[in-house]
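Sequence lines, in order, name chains A and B.
Using numbering that gives the first Met the number 0, the first residue of the first sequence is number 0, and each one after it goes up by one.
Using numbering that gives the first Met the number 0, the first residue of the second sequence is number 0, and each one after it goes up by one.
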Amino acid sequence: MSDSGREAGGHGATRSSGRQVGLALPRKEDIDLLTGRGTYVGDLQLPGMLWAAIYRSPMPHARLRRVDLEKAAGLPGVVLVLSGRELPDYVVPLSPFPFQSRDPFRAGNPTIKFPDHFCLARDKVRFVGEPVAAVVATDKYIAEDAVELVEADFDPLPPVVDPEEALKPGAPLLYNDWGDNLFLRFRVGADGEEAFRQADLVIRERIRSSRFTGTPIEPRGILARYEPTDRLLTIWSSTQIPHILSTLLEDTLRIPGLKVRVIAPRIGGGFGQKWGYYPEESLIPLLAILSGRPVKWIETRSEHMMATIHARDQIHDLEAAVTKDGRILGLRDRIIADAGVAYPVGGLASIVTTSMFVPGAYKIRHYQAEVRAVTTNKAPYGAHRGFGKADACFAIERLVQRVADRLGLDPAEVRFRNFIQPEDFPYISATGSRYDSGNYPAALTKALELAEYEKWRQEQARLREQGRYLGIGIGLMVEPSSSTRMGSYNSGYYSVTLRIDPMGRVFVLTGGNDEGQGHATTISQLVADELGVPFDDILVIEGDTLECPYGSGSYASRFSVVGASAVILAARQMREKVLKIAAVLLGEPEATLTMETSRIFVKDRPEKAVTLVDVAKTAYYAIFRLPEGVEPELLLTYHYRDPNVGFQPDEHGRVPMFSTFPYDANVAVVEVIPDTGQVKILKYVSVHDCGNMINPAIVQGQHVGALVHGLGGAMYEEIIYDETGQLLTGSFKDYFVPTAMEVPNFILDHLVTPNPFTPGGFKGAGETGTVGPPPVLCNAVEDALKPLGIKVQKLPLSPSSIRDAIREALPRAG
Amino acid sequence: MFPARFDYFRPQTLEEALGLLQEHQGEAKVLAGGMSLIPLMKLRVAKPARLIDIGRLSGLDGIEARDGELAIGALARHAPLEESPLVREAVPLMADAAGVIGDTQVRNWGTIGGALAEADPAGDWGPVVLALNARLRCLSARGERFIAAREFFRDAYATALASDELVTQVLVPGPGPGATGAYLKLERKAGDFAIAGVAVQLAVDEQGVCREIGIGLGAVGLTPIKAVQAEAILRGQRLSEATLADAAEAAAREAEPVSDIRGSAAFKRDLVRALLRRAIEIALRRSRGEQVEAGHV
Ligand SMILES: Cc1cc2nc3c(=O)[nH]c(=O)nc-3n(C[C@H](O)[C@H](O)[C@H](O)COP(=O)(O)OP(=O)(O)OC[C@H]3O[C@@H](n4cnc5c(N)ncnc54)[C@H](O)[C@@H]3O)c2cc1C
């Protein structure tokens, strides 16, 4: 890792003693990031480096007749051109669900199809932005000039844009050999006939979300260098999964004996978008191999909008069996997800995840869902912060609002009547997940108090008399974290290597990596406590597959669950070894010793001490003094396995795939301005529970960021394709990411129910906030517009969509 | 995101600039603040072979009252126009508009002349100069001419300027006694272009009769629109509820919006109604000496 001066000096304050975990320490990373010293792929230069640019399909759906690269190749400064035709000589198709045994899916009788995609289109293009040809040139200007000289002939095919239309017989097909456009069909749960028989009424609702995605400040970027003598390919990539990427590349590139090293330097945000295996990730390395020189590609924002994954965009047809007093006895859901082109970027897993968690925070014992992921001529559907769970919560939290409305009950009360209760934990859900812990009634109670719920209900009644539209929205979002899917690269363990050098400096190497979460800080806090060394003596190294133990990277808010557990247990093992050696040096029994700030001493005689350096030097240079069975060096690797997930289906075919269940109770108060359709957020309360917190300042940063991310999806951001399959939101001029000006003053509070399955009691903390704002703000707006009988049907809550609904409703409402 | 090749000129004087413009007519583009042109060049939507940078010419960014007019140099940037005491006092709707253009960077770089020449249908200056009945002073090596704002905008991104011509000044007729105005826009988020914008300049006499009225609509047509029918309804009338409602209806009819990602056509018409009502209300309060914020709804 090459940040200049990373970790060196910078932070003046050396925290000497006392527990570090639980303190809101300033982040170790921030000095570099705030002074512009963080090194991203975009900052890297190698001698002889070339630039790649990509010609992308302007057509949503077409047969690719011919790609002519002659003019591009003739431009001075162009070193290499490549089209899809030559690819099979060098690469095998991108493997969807790499190495995945399909066992976990077998339980739901899945239909799942895997097309052969190469990193450049060969005979067909399937979305606007699909890579068709690549050029490599001596600078980036020439590379873009050359792209303009690429000539491609297309025979347009009818585009597949609407997922419901796509399912109809006779719809045009993306993959002719499939016979239809069904990418995945999956069923989960059991019928629940009986619940529907017992119900007082059945409520049917269609809940639809919009297409929206993450917007990392740094788009994707790749630099590749090939050293033929060693057959060593080194990739610097803005990726969330460096190790997985190295394996995929070794698997995909047809070079016998190829060894791949991936380095993920600083990453300017991931949000799930850098979790997949994109065409560019094999294309750029291939260009480096073929040209014999390092090749760099930095995604532009326009490319990012059209070719990096999109998410959400689901239709839920829900049926709820309810009693008159608002209890939900049973639930059926038929889900359609607009999955875009069938790329291996994690979308299917996200859609399956949705189907597992629609019951949310509620004790719904009878639940069944069928999911259909439909392939369309759009950018691929993939992992996005909130991964499928946001979609599940959107469906259930909107449904609960409708149940309350139909029955004339308070929506808070309906929630209290259906919550999984604190004494039910660990709670096995209808789809077989084990919810670790929580207290939903307490969280919602607190949120309602902070929001002054009763007061606002009165205010609402008062303002309604004056013709003003005030609304209150509620939601309790459960956001399962840390996932495992056996046989996939999502493999349910986390490895940490701990090394103490002869000078007592501590190096922590993990199989994860950091996209902004602050691992260097939180890992240092954990190690400082567990080992008894100063915070500033610890260096965290991640994201280099050559140095670090293998791992599946950062996603699913898994670091604080499995990562932190591995760190804690590695540190405990190391401490044991250190104390064993110290016992020999001090001539005292090991059990009487302890270590603080790198000093090992007899607990009741602190002056009887050696330093960590004494111990380390012994372990390296005086190994004859080591006790029986103690190896030289202070080096160990700990592999932590997630204890709260399943690796085998149970007798109902259910596999618990998520290990911990953080949650967030939100209450929003809004006013809708009827003539302009504006939604003014008067209050937004979030009461969040992620168990114990390693660093509350980092949790708050993650959580507020996540709430803003969710606010974007609720009110501003939408990826729009027109009916011909052209992308209308190709830049930040049209894709509205909220700024500080749009963000309300969130009122935040925490509840702490420790996770009983991890040594630190932590749950995931990075995603929960994204989940709440879409359903909660929709609920609030719908509540505000109740006098007009308006049901909110569409995200985002744009002034136009709201005003349009009001205009239509006004004559009806009189 | 990397522009195509171009030659770059930085003339030292206005004459030199006009000469270059004539010499490279059709191949050259003028660069002022670059806030419209540079993004287009980076996207390779614009690929001028030559760029004539007038951004640093001196003497073209003045804001001064002269001969009963407010004369604003074409290179006056949005930020100083927002802050100028002269502008705030004489034509507060200009300060309103300047303050809601883009973000701080855009306001510090972008110029009023560039914005008008760009003629973005959603630009904020268009409706303002229409409401104010401003004139543009235009210069080429061939000579000088004055173009009324109403004659200036021809189509989306198209103006009456010849390809060798520069806008050098925006001339705003000195407001009559008691005249004031307001500009309002609704946008999807801070820094965005308007979904719709409405500029109003008016003067009301002691009897409450509207003596002067100018209304400009933005983002609801291929060009900014002067709402002459709405103006006619209000001119010489007492501003009663019924008259205001009629004017709002007329303005909504004069708008020619299309549905796009920012909103439906029907919504934009609704916005014209709503914003016009509010802008007039703010202008009236201002004419009574009240300090009222405008710009954003
Ligand atoms: C992020 C962002 C947000 C924005 N938001 C808004 C907004 O909300 N409202 C709004 O109104 N605008 C907005 N703009 C546009 C902004 O107002 C620009 O400043 C303005 O459109 C162009 O002015 P400029 O000086 O930068 O011109 P340039 O970009 O330099 O030039 C624009 C065009 O005008 C020509 N030109 C420039 N000066 C002259 C002249 N004196 N005579 C003849 N031709 C000339 C150029 O050749 C070019 O064709 C935004 C821009 C950005 C980048």
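Note that CB positions come from ideal geometry on N, CA and C, so glycine has one too.
Nearest-angstrom Cα separation, counted from residue 262(A) out to residue 697(A): 25 Å
Closer than 9 Å to chain A by CB, residue 225(B): no
Nonlocal neighbours in the same chain, by C-beta distance under 6 Å from residue 266(A), ignoring five residues either side: 237, 514
When 790(A), 748(A), 384(A), 319(A) are compared against residue 448(A), the one with the closest alpha-carbon: 748(A)
Proximity test, residue 368(B) beta-carbon vs ligand 1 heavy atom, cut-off 8 Å: With chain B covering 0 to 296 only, the question about residue 368(B) has no answer from this structure.
Within-9 Å CB hit, residue 189(B) to chain A: yes
9 Å Cβ cut-off: residues of chain A touching residue 244(B): Here the premise fails: no neighbours, minimum Cβ distance about 12 Å.
Identity of the residue in 530(A), 454(A), 404(A), 364(A) nearest residue 417(A) by Cα: Considering only 530(A), 454(A), 404(A), 364(A), the residue with the shortest C-alpha distance to residue 417(A) is 364(A).
Burial state of residue 780(A), where buried means 16 or more other Cβ atoms lie within 10 Å: buried
Proximity test, residue 122(B) beta-carbon vs ligand 2 heavy atom, cut-off 8 Å: As far as ligands go, the structure on display features ligand 1 and does not contain ligand 2.
Whether residue 224(B) touches residue 275(B) by CB criterion (9 Å): no
Segment contact flag, the segment 463–481 of chain A with the segment 540–551 of chain A, C-beta cutoff 8 Å, min 3 pairs: The segment 463–481 of chain A is not in contact with the segment 540–551 of chain A.
Chain E contact residues for residue 806(A), given Cβ-Cβ distances below 9 Å: Looking at the structure shown, chain E is missing, and the protein chains on hand are A and B.
Length of the line joining the Cα atoms of residue 91(A) and residue 258(A): 16 Å
Enclosing beta strand (DSSP E) for residue 720(A) [first to last residue]: Residue 720(A) -> no beta strand (DSSP E), and no H or E assigned at all.
Residue-chain proximity (residue 772(A), chain B), Cβ-Cβ < 9 Å: The C-beta of residue 772(A) comes no closer than 9 Å to any C-beta of chain B.
Cross-chain neighbours of residue 260(B) in chain A, by beta carbon under 7 Å: 719, 727, 728, 733
Straight-line gap, residue 128(A) to residue 33(B) (C-alpha atoms, nearest Å): Linking residue 128(A) to residue 33(B) through their CA atoms gives a straight-line distance of about 28 Å.
Proximal residues to residue 282(A) (C-beta, below 7 Å), its chain only, five neighbours per side dropped: 118, 119, 130, 133
Minimum Cβ-Cβ distance from residue 380(A) to chain B less than 9 Å: For residue 380(A), no CB of chain B lies under 9 Å from its own CB, so it is not counted at the interface with that chain.
Chain A within 9 Å of residue 34(B), Cβ atoms only: no
Which listed residue (60(A), 291(A), 592(A)) has its alpha carbon closest to that of residue 228(A): 291(A)
Whole-angstrom distance between residue 314(A) and residue 452(A), CA atom to CA atom: 31 Å
Closer than 9 Å to chain B by CB, residue 199(A): no
Proximal residues, the segment 362–378 of chain A versus chain B, C-beta separation under 8 Å: none
DSSP state of residue 281(B) mapped onto helix, strand, coil: helix
Contact list for the segment 97–118 of chain B against chain A, Cβ threshold 9 Å: Listed by position along the chain: 102.
Three-state class that DSSP yields for residue 151(B) in the structure shown: helix
The segment 374–391 of chain A contacting the segment 753–773 of chain A, beta-carbon criterion three pairs below 8 Å: yes
Given residue 93(A) as reference, the closest of 139(A), 79(A), 116(A), 72(A) once Cα atoms are compared: 116(A)
Inter-stretch contact at 8 Å, needing at least 3 Cβ pairs: the segment 295–315 of chain A / the segment 204–218 of chain A: yes
is_contact[residue 798(A), chain B] using C-beta, thresh 9 Å: yes
Spatially closest choice to residue 752(A) from 707(A), 715(A), 352(A), 691(A), by CA coordinates: 691(A)
Limits of the alpha helix (DSSP H) - the one that residue 79(B) falls within: 77–82
Cβ pair residue 260(A), residue 285(A) closer than 9 Å: Cβ atoms of residue 260(A) and residue 285(A): not closer than 9 Å.
Pairwise C-alpha distance: residue 155(A) and residue 159(B): 39 Å
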